[in-house]
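Engineer:
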Amino acid sequence: ANNWKRRKGGPEKHQRASGQTWELMGSADCKGRSLEGRIRTAVEKVTWKQISFALASVVVLLTLQTLALPHHDSRSVHAANVNGEAGTEFVIFGTTMYPNATGVRFEEALESVNNARSAGWAIVICDSSPDPEVRVRLKLAGASVFAQHKSGGKGQGLREALQAAVDMVPPTAPDAIFAYQEIEKSDMPFHWGEVKDKMVRTGADIAVPWREESLFQATYPEAQYHSETFGRIYLNTVARERIRMVGKSSLTAIHERTWEDLDWHFGPFAFRREWAEFWLQYDGQLWDAQILPMVYAIRSGAAPTSVEIPFRASPRMKGQEDDNLFFTAKRKAQLEKLLDKVEEALVDPIPDYTHAVRATIGDAAKLLA
Numbered sequence: 054a055n056n057w058k059r060r061k062g063g064p065e066k067h068q069r070a071s072g073q074t075w076e077l078m079g080s081a082d083c084k085g086r087s088l089e090g091r092i093r094t095a096v097e098k099v100t101w102k103q104i105s106f107a108l109a110s111v112v113v114l115l116t117l118q119t120l121a122l123p124h125h126d127s128r129s130v131h132a133a134n135v136n137g138e139a140g141t142e143f144v145i146f147g148t149t150m151y152p153n154a155t156g157v158r159f160e161e162a163l164e165s166v167n168n169a170r171s172a173g174w175a176i177v178i179c180d181s182s183p184d185p186e187v188r189v190r191l192k193l194a195g196a197s198v199f200a201q202h203k204s205g206g207k208g209q210g211l212r213e214a215l216q217a218a219v220d221m222v223p224p225t226a227p228d229a230i231f232a233y234q235e236i237e238k239s240d241m242p243f244h245w246g247e248v249k250d251k252m253v254r255t256g257a258d259i260a261v262p263w264r265e266e267s268l269f270q271a272t273y274p275e276a277q278y279h280s281e282t283f284g285r286i287y288l289n290t291v292a293r294e295r296i297r298m299v300g301k302s303s304l305t306a307i308h309e310r311t312w313e314d315l316d317w318h319f320g321p322f323a324f325r326r327e328w329a330e331f332w333l334q335y336d337g338q339l340w341d342a343q344i345l346p347m348v349y350a351i352r353s354g355a356a357p358t359s360v361e362i363p364f365r366a367s368p369r370m371k372g373q374e375d376d377n378l379f380f381t382a383k384r385k386a387q388l389e390k391l392l393d394k395v396e397e398a399l400v401d402p403i404p405d406y407t408h409a410v411r412a413t414i415g416d417a418a419k420l421l422a
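First residue of the sequence shown: 54, per this note's numbering; consecutive thereafter.
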């Protein structure tokens, strides 16, 4: 029957700020008591002040870990730690930015992380939120999270998140697949398995999920449904006319491939590791950082595929956006900016992404060390 008893002085004491120490000693007042009684006595001696201090210390430590500066050793993990099973490694990556740790979009992001972990996927997030609590809570939900280190908008965040995701996978896994998604798309983690399976089965280099039409129309904000439907029709029409698909062949002759329509404005896409440089070295700052590297990769020989999935958009986000001028104007801006850029990328010279210089990335490779 032991209890914690406080004692001053003594050469064996451990120095504390108060000059006192807690020492495990026998206690006469506990003799003869039951185990339950001794536990109750010990618990009663713990003050709320001590409990509050302990909880505050945990929060501080988690915050410091989340905001830690890059280390000099890159991080590698075994495939079983990346996607929960042996086989082709698969990592989700994305960006976030919220005013604080509240609101519909932040709650959807938390749900998305929980769903990714439930599905067995690793998820890496580069966050540019001003409130560090956003990163703490996303980390507690199960994501690998770090603060964006360089300016450059969403595009820079995408590049930093991708570089960190690449560093998670050992170099002995050249066929690893990296999947980008807007973290607020909380239903998407449940469908990445279908995307991965088709890529593995067909040998495709890039996969773009295609929203099943009835769910697309039923669950999306009305303005977004119509704008993205038009964008999809227009860009696929342009692509069929202008893009020349270069086959991955040892033959010197270039052969044509039939264009497979893509859901350009959906957002999520996946690609094999060998094509990562197209996204890492593109310097766009907005949505073009997602789509234009894909165009250049396809024109350089990457084989694309489309995977229809029963994706359901968040009803809370639909309710927030319908009849809302801010979000309707945002969809209009996305459509206008992307159509011209993608149309140009279909015919412009392909950038040289064969070198390994990543001036826009900096130390992002070390962020998750």
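We put the beta carbon where it would ideally sit given N, CA and C, even for glycine.
Note that the structure is predicted; figures quoted are calculated from it, not measured.
Under a three-way DSSP split, which group does Glu235 fall into?
Structural biologist: For the purposes of this step, residue 235 is identified with residue 182 of the sequence shown, where counting begins at 1. Here Glu235 sits in coil by DSSP.
Engineer: At 3 residues or longer, what runs of the beta strand (DSSP E) sit wholly inside the region 152–233?
Structural biologist: With a minimum length of 3 residues, the continuous beta strand (DSSP E) runs that stay inside the region 152–233 are 175–180, 197–200 and 230–233.
Engineer: As a quick exercise: from Phe269, Ser182, Ala398 and Arg365, pick the residue whose alpha carbon is nearest that of Val198.
Structural biologist: To locate residue 198, count along the sequence shown from 1; it is residue 145. Per the Cα distances, Ser182.
Engineer: As a quick exercise: from Asp336, Ser165, Glu361 and Val248, pick the residue whose alpha carbon is nearest that of Lys238.
Structural biologist: Taking the first residue of the sequence shown as position 1, residue 238 is located at position 185. Ranking Asp336, Ser165, Glu361 and Val248 by Cα distance to Lys238 puts Ser165 first.
Engineer: Quick check on the DSSP output: what are the complete beta strand (DSSP E) runs of length 3 or more inside the region 259–289, in order along the chain?
Structural biologist: Complete beta strand (DSSP E) runs here, min 3: 259–264.
Engineer: For the region 199–208 and the region 220–230, state whether three or more C-beta atom pairs, one from each stretch, are separated by less than 8 Å.
Structural biologist: No: the two stretches stay apart, fewer than three of their Cβ pairs being nearer than 8 Å.
Engineer: Ends of the alpha helix (DSSP H) at Pro346?
Structural biologist: Start at 1 with the first residue of the sequence shown, and residue 346 comes out as number 293. From DSSP, the alpha helix (DSSP H) with Pro346 extends over Asp341 to Arg352.
Engineer: In whole angstroms, what separates the C-alpha of Arg293 from that of Pro262?
Structural biologist: The residue given as residue 293 occupies position 240 in the sequence shown. The residue given as residue 262 occupies position 209 in the sequence shown. So the two alpha carbons sit approximately 19 Å from each other.
Engineer: Just to check my reading of the structure: Arg170 and Gly195 have Cβ atoms closer than 8 Å, yes? What is that Cβ distance to the nearest angstrom?
Structural biologist: Translated into the one-based positions of the sequence shown, residue 170 becomes position 117. Translated into the one-based positions of the sequence shown, residue 195 becomes position 142. Sure, about 4 Å apart at Cβ, within 8 Å.
Engineer: I'd like to check one pair, Gln373 with Trp340: are the Cβ atoms closer than 8 Å?
Structural biologist: Counting from 1 along the sequence shown, the entry for residue 340 is found at position 287. Counting from 1 along the sequence shown, the entry for residue 373 is found at position 320. No. Outside cutoff.
Engineer: Which residue marks the beginning of the alpha helix (DSSP H) containing Phe319, and which one marks its end?
Structural biologist: Within the sequence shown, numbered from 1, the residue matching residue 319 stands at position 266. Taken as a continuous stretch (DSSP letters only), Phe319 belongs to no alpha helix (DSSP H), as it is neither H nor E.
Engineer: Using DSSP with H/G/I as helix, E/B as strand and the rest coil, what is Glu361?
Structural biologist: Counting from 1 along the sequence shown, the entry for residue 361 is found at position 308. Strand at Glu361.
Engineer: Can you tell me whether Gly246 is helix, strand or coil according to DSSP?
Structural biologist: On the sequence shown, position 193 is the one that residue 246 refers to. Three-state DSSP puts Gly246 in a helix.
Engineer: Excluding sequence positions up to five away, which residues of its chain have a Cβ less than 8 Å from the Cβ of Ala329?
Structural biologist: The residue given as residue 329 occupies position 276 in the sequence shown. Excluding residues within five positions, the ones whose Cβ falls inside 8 Å are Leu215, Val219 and Phe231.
Engineer: Work out the CA separation of Gly208 and Glu161 for me, nearest whole Å.
Structural biologist: As a working note, residue 161 is residue 108 in the sequence shown. As a working note, residue 208 is residue 155 in the sequence shown. The straight-line gap from Cα to Cα measures roughly 21 Å.
Engineer: Which class does Val400 belong to by DSSP, given the choice of helix, strand or coil?
Structural biologist: Residue 400 sits at position 347 when you count from the first residue of the sequence shown. Three-state result, Val400: coil.
Engineer: Looking only at its chain, what residues have a beta carbon closer than 6 Å to the beta carbon of Ala257, apart from the 5 residues adjacent to it on each side?
Structural biologist: By 1-based counting over the sequence shown, the position of residue 257 is 204. The answer, listed in chain order, is Ala356 and Thr358.
Engineer: Compute the beta-carbon to beta-carbon distance between Gly320 and Gln343, rounded to the nearest angstrom, for a pair I have assumed lies under 8 Å.
Structural biologist: Within the sequence shown, residue 320 is the residue found at index 267, counting from 1. Within the sequence shown, residue 343 is the residue found at index 290, counting from 1. So it is a contact: roughly 7 Å between Cβ atoms.
Engineer: Can you tell which of Ile176, Pro402, Leu163 and Gly156 has the C-alpha that lies nearest to the C-alpha of Phe143?
Structural biologist: If you number the sequence shown from 1, residue 143 lands on position 90. When each option's Cα is compared against that of Phe143, the closest is Ile176.
Engineer: Output the boundary residues of the alpha helix (DSSP H) element that contains Gly372.
Structural biologist: Here residue 372 is taken as the residue at index 319 of the sequence shown, counted from 1. Per DSSP, Gly372 belongs to the alpha helix (DSSP H) from Pro368 to Glu374.
Engineer: So, are the CB atoms of Val187 and Ala154 less than 8 Å apart?
Structural biologist: The residue you call residue 187 lines up with position 134 of the sequence shown. The residue you call residue 154 lines up with position 101 of the sequence shown. Contact: yes.
Engineer: Per DSSP, which residues does Gly337 bridge with? Please list them.
Structural biologist: Counting from one through the sequence shown, the residue named residue 337 turns up at place 284. DSSP output for Gly337 lists no bridge partner at all.
Engineer: Would Thr272 pass as a contact of Pro368 if the rule is Cβ separation under 8 Å?
Structural biologist: Within the sequence shown, the letter at position 219 stands for residue 272. Within the sequence shown, the letter at position 315 stands for residue 368. Cβ distance < 8 Å, so Thr272 and Pro368 count as in contact.
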